[in-house]
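Asks:
Residue numbers (our numbering): 1130 to 1410.
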């Protein structure tokens, strides 16, 4: 990724914006990555902290910090659209959609005191706060990070851990939002997270149970997500390890991948695949 070099004379402002938002190698690109990562951690921390007993001054400070961070993420969102080659494709990109959803709850502050006071009108927006954790998946879109490149196998493991963490966090956040007002055993995010971990690990102590219909559906959805998504990500890791000595050449006829390095025909349908071999062999 050396687009910051010889092509700088012909690069437009949009090209520059796009480059530094995806760059992991230059000092500026690394700084942007680190800042966005840290701000996202704080953004998540604010959501969790607000579920605990706090003084009015502490809540005001957290709200001010949330507004500032949301403003930074809003600027990032606008810059990504501005710098994109295809703005419609960028706007509908899952990562970009998550970016927008994560800041929508904070946008309510700009709608005026009347809207902010109407907690019922902001109920749906408050639920969207839990998707903030999904912003971390943007940092795992390829093998390059601000600290360097990692192997495909390592990236698969990181995505698996991120999937597990996201399932736990999103489920706990939704469970808390639905339950804390009516369930005396769910007073903080920690209580909801404890319930989620115990439930998804199939231990099921029974000391916390859903008191609302929405809480039950969140529990069901979390269990199904754990059953489907975690094995799916784990299977990718196993497949990479199993086929690491094979070339990922897909058969043009049947689509089968990972043939032996010296294969000239597909082992499933017999179609000629003509794999290219290293001239040193």
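No residue lacks a Cβ here, since even glycine has one placed at the ideal position from N, Cα and C.
#1: Take residue 1210 and list the residues in its own chain whose beta-carbon comes closer than 7 Å to its own, dropping the five residues that flank it on each side.
#2: Using DSSP with H/G/I as helix, E/B as strand and the rest coil, what is residue 1334?
#3: Give a yes or no on whether the C-beta atoms belonging to residue 1297 and residue 1322 are separated by under 8 Å.
#4: From the DSSP output, read off the bridge partner residues of residue 1278.
#5: Are the beta-carbon atoms of residue 1325 and residue 1291 separated by less than 8 Å?
#6: Ignoring anything shorter than 4 residues, give me the alpha helix (DSSP H) runs that lie fully in the stretch 1284-1336, in order along the chain.
#7: Hey, how far is the Cα of residue 1169 from the Cα of residue 1257?
#8: Using C-beta distances below 7 Å, list every residue in its chain close to residue 1343, excluding the 5 sequence neighbours before and after it, in chain order.
#9: Considering only their Cβ atoms, is the gap separating residue 1289 from residue 1363 smaller than 8 Å?
#10: What is the rounded straight-line gap between the Cα of residue 1278 and the Cα of residue 1158?
#11: Thinking C-alpha only, which one of 1351, 1161, 1207, 1301 is nearest residue 1180?
#12: Between the stretch 1148-1168 and the stretch 1186-1195, do three or more beta carbon pairs fall short of 8 Å?
#13: For residue 1358, which residues of its own chain have a beta-carbon under 8 Å away from its beta-carbon, when the five flanking residues on both sides are left out?
Replies: Answer, in terms of the structure:
#1: Correct list, in chain order: 1216, 1219, 1220.
#2: If DSSP states are grouped into helix, strand and coil, residue 1334 belongs with coil.
#3: Contact: yes.
#4: Paired residues: 1273.
#5: Against a cut-off of 8 Å, the Cβ pair of residue 1291 and residue 1325 comes out as no contact.
#6: If only complete runs of 4 or more residues are kept, the stretch 1284-1336 shows the alpha helix (DSSP H) at 1318-1329, in order along the chain.
#7: In this structure, the straight-line span from the alpha carbon of residue 1169 to that of residue 1257 is close to 15 Å.
#8: The beta carbon of residue 1343 is closer than 7 Å to those of 1307 in its chain, skipping five residues each way along the sequence.
#9: In contact: residue 1363 and residue 1289 (Cβ atoms closer than 8 Å).
#10: Put simply, the backbone Cα of residue 1278 is about 14 Å away from that of residue 1158.
#11: Checked all of 1351, 1161, 1207, 1301; the closest Cα to residue 1180 is 1301.
#12: These segments do not touch.
#13: Cβ neighbours of residue 1358 beyond the five flanking positions: 1292, 1296.
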